[in-house]
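Residue numbers (the numbering used here), protein chains in the order written: chain A, 7 to 87; chain B, 7 to 87; chain C, 135 to 263; chain D, 135 to 263.
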Amino acid sequence: MQVRVTFYSYFKELTGCGETTETISAAADLGALHEQLMARFPKLATMRRSTLLAVGVDYQTRDYVLKEGDEVSLFPPVQGG
Amino acid sequence: MQVRVTFYSYFKELTGCGETTETISAAADLGALHEQLMARFPKLATMRRSTLLAVGVDYQTRDYVLKEGDEVSLFPPVQGG
Amino acid sequence: MKRELILTSEPINEASLIARRTMSGGMGAVVNFLGVVRGSEDGKTISAIKYEAFDKMVRHQFHLLFDEMEKRWPIESVRLVHRVGVVKVNEPSLWVEIVAPHRGEAFAACQWLIDGMKRIVPIWKKPVA
Amino acid sequence: MKRELILTSEPINEASLIARRTMSGGMGAVVNFLGVVRGSEDGKTISAIKYEAFDKMVRHQFHLLFDEMEKRWPIESVRLVHRVGVVKVNEPSLWVEIVAPHRGEAFAACQWLIDGMKRIVPIWKKPVA
């Protein structure tokens, strides 16, 4: 199964890309996807604990089970204002 | 000794006047003046506990000793805004 | 701390007050409060409120509050306009502005100033039917 | 509760936002907050901040905050404007307005909304030297 992943803010610099497509096993959860992404982009691992994870326009926790077509976003703590 | 007394807000209605001059004994304090005014204007006594007392532009407590030329003000709780 | 205090019987002109705002490079927060006369007072419909002020004491007491604000928070500017006389329903009677480095102190100071005003500044309201 | 949310790369025009304000007779309090880009960030002098927003999620998350505000306080109107892109030092990046019956709820809601924004709304800052 494939999911599209978008990085925001300096996560784009950490990964060197704004968007990527990641192949995951069926019924993988968001935590597993995060691990896979940190393996592929080691600099992401430096932000492991403060990474925010969203699917579509909602935050999700690591145990969220991914579905075909999910649009995942990874980003650092937000800083509006 | 004479002091000038000004009433504000509905204290003017309670006393029927905006300003008066009161004769007090030398070294009378603000509390004594207040008692004297309540005797003269009995409706003022209904507001005894919530009356605010000022001399010039500063609040004073009942033990403030009055001096010749003091301008005393009596008024109900303030309500700006 | 810059201070501006206006007691006026004229309508409050927010736009012109805002146009006159100045703030230096270190300032990150502006809080404005507008108090507006509501259509009812103690459950009765009213058309206006008449504000009476003991003018000289109002000025003095506001400056005591400003002195205290200046000690408590790093505020660059406070401006306050209070109407006196008749203020119709839906018209503003009070405008306050605080300019400070950060929002926390701007909000805290603005609320503290209004609370202080309601405690010690000799202004009174009389509903107009 | 009326809601207006604007994400814009244009300068925030306070005067025109204020001119467009509407409020009903029961409303007694307006709180406005203006967040302005400061001349230094983490101790370094900067000339601007570049704001990046995950637009669609920003809108959704703000509306979640508005939903919650509406449950907590009797607010008539919330309006919020946030700049995206480059915002120069001394220019506002954020404008918020709350209209409510009384000042307590207007101040509480305004601060709660800004705190909520800084917790969950996906906007990021990048200082420009």
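Glycine residues also receive a C-beta, built at the ideal position from the N, C-alpha and C atoms. Predicted model, so just to flag it, every value in this text is computed and none were measured.
Near chain D, meaning a CB-to-CB distance below 8 Å, the residues of the segment 153-169 of chain C are A153, M157, G159, G160, M161, G162, A163, V164, V165, N166, F167, L168 and G169. Taking C-beta atoms as the reference points, A60 (chain B) and P256 (chain C) count as a pair closer than 9 Å. Using a Cβ-Cβ cut-off of 9 Å, I232 (chain C) does not count as an interface residue toward chain B, since no Cβ of chain B sits closer than that to its own. Shown here for S158 (chain D): same chain residues with a beta carbon closer than 8 Å to its own, the five before and five after excluded, namely E210 in chain order. The beta carbon of T52 (chain A) does not come within 9 Å of any beta carbon belonging to chain D, so the residue lies off that interface. Remark: C-beta atoms of R206 (chain C) and R137 (chain C) do not approach each other more closely than 9 Å. Distances from the alpha-carbon of V220 (chain D) to those of D:T179, D:E186 and D:D201 put D:E186 closest. The continuous stretches of beta strand (DSSP E) do not include S150 (chain C), which lies in the alpha helix (DSSP H) extending over residues E148 to A153. Each residue's CA atom was taken as its position, placing Q8 (chain B) and G62 (chain B) some 15 Å apart. Rounded to whole angstroms, the gap between the alpha carbons of G173 (chain D) and D176 (chain C) is 48 Å. In the three-state DSSP reduction, G250 (chain D) falls in the helix class (H, G or I). Following the DSSP letters along the chain, one finds Q8 (chain B) in no alpha helix (DSSP H) but inside the beta strand (DSSP E) bounded by residues Q8 to F13. Any Cβ of chain D closer than 9 Å to the Cβ of Q66 (chain A) would place that residue at the interface, and such an atom is absent.
CA-to-CA, the gap between T12 (chain B) and G22 (chain B) works out to about 12 Å.
Taking C-beta separations shorter than 6 Å and ignoring five residues to either side along the sequence, the partners of W229 (chain D) in its chain run I146, L168 and V215, following chain order.
The straight-line gap separating the alpha-carbon atoms of L36 (chain A) and F47 (chain A) is approximately 16 Å. Here R237 (chain D) is near Q245 (chain C), since their CB atoms are less than 9 Å apart.
Membership of T156 (chain C) in any alpha helix (DSSP H) is not indicated, and neither H nor E is assigned to it by DSSP. Those residues of the segment 176-202 of chain D placed with their C-beta closer than 9 Å to a C-beta in chain A are Y185, E186, A187, F188, K190, M191, V192, R193, H194, Q195 and L198, ordered along the chain. By the Cβ neighbour-count rule, E239 (chain D) is buried, with 16 or more other Cβ atoms within 10 Å of its own. Counting only runs of 3+ residues, the beta strand (DSSP E) found wholly inside the segment 56-82 of chain A occupies 58-61 and 77-81, in chain order. In the DSSP assignment, the residues bridged to V230 (chain D) are D:F167 and D:L214. For S227 (chain C), the neighbours in chain B by C-beta distance under 8 Å run, in chain order, G87. For the C-beta of I257 (chain D), the chain A residues within less than 7 Å are, from N- to C-terminus, V84, Q85 and G86. For V78 (chain B), the CB contacts under 6 Å within the same chain, skipping 5 residues up- and downstream, are V9, V11 and V61 in chain order. Short of 7 Å from the beta carbon of D69 (chain B), and not among the five residues preceding or following it, lie these beta carbons of its own chain, in chain order: D35 and G37. Between G86 (chain A) and W258 (chain D), the gap from beta carbon to beta carbon is short of 9 Å.
For A51 (chain B), same chain residues with a beta-carbon under 7 Å away, outside a window of 5 residues either side, are M44 in chain order. For chain B, the residues of the segment 236-252 of chain C that bring a beta carbon within less than 9 Å of one of its beta carbons are I248, M251 and K252, in chain order. Under a 10 Å Cβ-count criterion, H197 (chain C) is classified as exposed, with fewer than 16 other Cβ atoms of the shown protein chains found around its own Cβ.
The Cβ of I146 (chain D) sits no closer than 9 Å to any Cβ of chain A. For L50 (chain A), no alpha helix (DSSP H) segment is defined, and its DSSP state is neither H nor E. Going by DSSP, R206 (chain C) is part of no beta strand (DSSP E) but of the alpha helix (DSSP H) stretching over D189 to R206.
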